[in-house]
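Residue numbers (the numbering used here): 168 to 661.
For each residue, glycine too, the CB sits at the ideal point set by N, CA and C.
Report on the structure given below.
And the structure:
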């Protein structure tokens, strides 16, 4: 497309001049930009800058993952997680274990606000270390576990021999950064809240959910130095060390749970003991060898039902939740009776073929957009966003996207401007380390979604910049602000 035309006879010099000025900053001297702005009514490109070149997408990959799971499972899908026992005698004694059959529910009641809504914060705990802290939701992460146990008590259960987490719905996968598992409690994170004490004294540490499954070793000293805290683990001993600045507020960090079934089992045992149900076993490893081949003839003593999938997808896209996005691949596999993320990607492929996406313009190997092998073109992203507009799932998909200057990962992307509240888009980031240059390298910063511009005509856009040197987290945030400014340009000029 000619840079001086916009499809309706009006000049494009203004928006291109602003875009060229922004992208000519020194930091972008060796970077690559791609942008497509598309009018779904006329089905024409209003701006086309390298839209057919492959870019590293980062978490804009989640657009494809969330679209696929909404199509495969439906926005109204709910996860039902039951608990079974073999028998209960008149005294409430279960001669055997209680089995919790994990359904792959990524929340397990931990964020439920009631009325089929779940809570999230703009600074999610899954990014606590990247952000230098987080804001925790107020909901109890043990709400689902406690509900199950309370139901068991009401069903007359007073003693069980053991607790077994049935995590066989799909294959548990260790991705090093986290583990994808059918059982997820508190996003498989242990929240660690550190508060400064008096000068020279240890800070205080609280954990959420509270459990004796982990031993916390406190080595955090209060002083006048800037806060600098690290968390390491050896088995089930978690060491929190470093210093916290005198007079600063509480700092919320996390430890990633790498043994989800063991963790869930311990939390369930502790909850049963609090509710007056005796458990004749200790907080050790989950005895998977006891998992039955089926539950025919067993007694269901409790179950919890999740909020609809629409709320789950909203959480994932708003805060860019990596664990949940990766879990979607396994859930799509399980919906077809399969067990692996590969099988889930094959289901996603089928969904994208239904949408008419050019699969030659994509290279996807996961659900969250982590590996550098993930690539796609701005045009492919626009194709997806366009195709979803014709689907019955569209409103749910649209409502799941962060809103510029309002919520999620776009809440603080831009301080002011007319586009605030009118850009609905998924963010993407991927940052590595340049050893030779001793600096960071933003392999990508991306933004793709919808804009309701001043003209009132909804537009689709996909914007990528790859390979930008960065020194610190502030530089990364500045990249996000520049992309937000481009969306503001589009808003104003169209």
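If you follow the alpha helix (DSSP H) that residue i is part of, which residue opens it and which one closes it?
i	result
residue 591	Counting along the chain, residue 591 falls outside any alpha helix (DSSP H), though it belongs to the beta strand (DSSP E) covering 590-601.
residue 491	489-502
residue 520	508-522
residue 311	310-321
residue 366	Per DSSP, residue 366 belongs to no alpha helix (DSSP H) and is neither H nor E.
residue 262	Segment 260-268 is the beta strand (DSSP E) holding residue 262; no alpha helix (DSSP H) there.
residue 571	Neither: residue 571 is in no alpha helix (DSSP H) and is coded neither H nor E.
residue 552	545-555
Any idea if residue i is buried or exposed, counting beta-carbon neighbours within 10 angstroms, 16 or more meaning buried?
i	result
residue 376	buried
residue 530	exposed
residue 197	exposed
residue 640	exposed
residue 592	buried
residue 600	exposed
residue 499	buried
residue 303	buried
residue 681	There is simply no residue 681 to check, as the chain begins at 168 and stops at 661 in what is shown.
residue 397	exposed
residue 315	buried
residue 485	buried
residue 447	exposed
Using C-beta distances below 8 Å, list every residue in its chain close to residue i, excluding the 5 sequence neighbours before and after it, in chain order.
i	result
residue 598	607, 608, 609, 610, 637, 643
residue 367	388, 389, 390
residue 564	233, 234, 237, 480, 555, 558
Can you list, in chain order, the residues of its chain with a C-beta nearer than 6 Å to that of residue i? Leave out the 5 residues immediately preceding and following it.
i	result
residue 509	none
residue 522	554
residue 217	201
residue 267	250, 332
residue 491	273, 483
residue 501	336, 337
residue 414	none
Going by C-alpha to C-alpha distance, which of the options sits closest to residue i?
i	options	result
residue 549	615, 213, 366, 363	615
residue 330	234, 514, 625, 312	312
residue 425	347, 408, 462	347
residue 395	627, 412, 630	412
residue 552	188, 184, 204	204
residue 324	445, 287, 232, 430	445
residue 280	546, 474, 538	474
residue 442	471, 544, 318, 507	318
residue 299	306, 307, 290	290
residue 594	227, 257, 188, 297	227
residue 461	439, 252, 507	252
residue 402	383, 409, 393	383
residue 628	373, 220, 212	212
residue 613	277, 301, 297, 577	577
residue 285	264, 308, 545	308
residue 405	422, 547, 661	422
residue 583	493, 655, 546, 536	655
Give the DSSP-derived three-state secondary structure of residue i in the structure shown.
i	result
residue 658	helix
residue 274	coil
residue 329	strand
residue 422	strand
residue 358	strand
residue 385	strand
residue 436	helix
residue 676	In the structure displayed, the chain extends from 168 to 661; residue 676 sits before or after that span and is not available.
residue 249	strand
residue 178	Only weak support is given to the placement of residue 178: the predicted model assigns it a pLDDT of 43, under 50, and the value that follows is read from those uncertain coordinates. Three-state result, residue 178: coil.
residue 171	Bear in mind that a pLDDT of 40 at residue 171, under 50, signals an unreliable position, so the number given afterwards is only what the model happens to contain. Coil.
residue 238	helix
residue 533	coil
residue 486	helix
residue 390	strand
residue 637	strand
residue 205	strand
residue 191	coil
residue 445	strand
Excluding the five sequence neighbours on either side, which residues of its own chain have a C-beta within less than 7 Å of the C-beta of residue i, listed in chain order?
i	result
residue 362	370, 371, 417
residue 532	538, 540, 541
residue 169	Reliability of the predicted coordinates at residue 169 is poor, the pLDDT of 38 falling under 50, and no value is obtained from them.
Determine the extent of the beta strand (DSSP E) in which residue i is found, giving its start and end residues.
i	result
residue 469	466-472
residue 410	404-412
residue 610	606-618
residue 626	626-633
residue 296	No beta strand (DSSP E) holds residue 296; the alpha helix (DSSP H) holding it covers 295-298.
residue 371	371-375
residue 221	Segment: none, residue 221 is in no beta strand (DSSP E) and carries neither H nor E.
residue 283	Taken as a continuous stretch (DSSP letters only), residue 283 belongs to no beta strand (DSSP E), as it is neither H nor E.
residue 450	First-last for residue 450: undefined, no H or E at that position.
residue 400	395-401
residue 213	211-216
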